[in-house]
Amino acid sequence: MGIIIWLIVGGICGWLASLIMRTDAQQGVLLNIVVGIIGAVIAGLIFGGSINQALTVETFLYSLIGAVILLAIVNLIRRGSVR
154 MGIIIWLIVG
164 GICGWLASLI
174 MRTDAQQGVL
184 LNIVVGIIGA
194 VIAGLIFGGS
204 INQALTVETF
214 LYSLIGAVIL
224 LAIVNLIRRG
234 SVR
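FYI, in this note's numbering the residues of the sequence shown are 154 to 236.
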């Protein structure tokens, strides 16, 4: 059951992060899920806590922030600017 929550929350966070960073046209559903899950891991390392402990608004927002950070790093490496 935990993996399903990770996929759903990862997909939503990845999609919202791609809208914020204006990279939605370049990404598909699978990449949105991957970005969201890796963003949740990054947020867990930075802020502590994770979705595994409890799915709350706070952990969701942390996962979204982690996904935005990940996309900013990828944009910086690819284009030389965060955008």
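Beta carbons are placed, not taken as given, at the ideal position from N, Cα and C, and that holds for glycine.
Could you check which residue in the options has the C-alpha nearest to that of residue i?
i, options, result
"V221", "I186, V182, I173", "I173"
"G197", "I186, L214, L183", "L214"
"V219", "F200, G233, G155, I157", "It is worth fixing the name first, because residue 219 is Gly in this sequence and not Val. Selected option, being the one with the closest Cα: F200."
"I156", "I186, R232, W168, L169", "I186"
"G189", "N228, C166, I226, V227", "C166"
Quick check: the Cα distance between residue i and residue j, rounded to an integer number of angstroms?
i, j, result
"I161", "E211", "16 Å"
"G164", "I230", "23 Å"
"G181", "L224", "14 Å"
"W168", "G233", "22 Å"
"I158", "L217", "15 Å"
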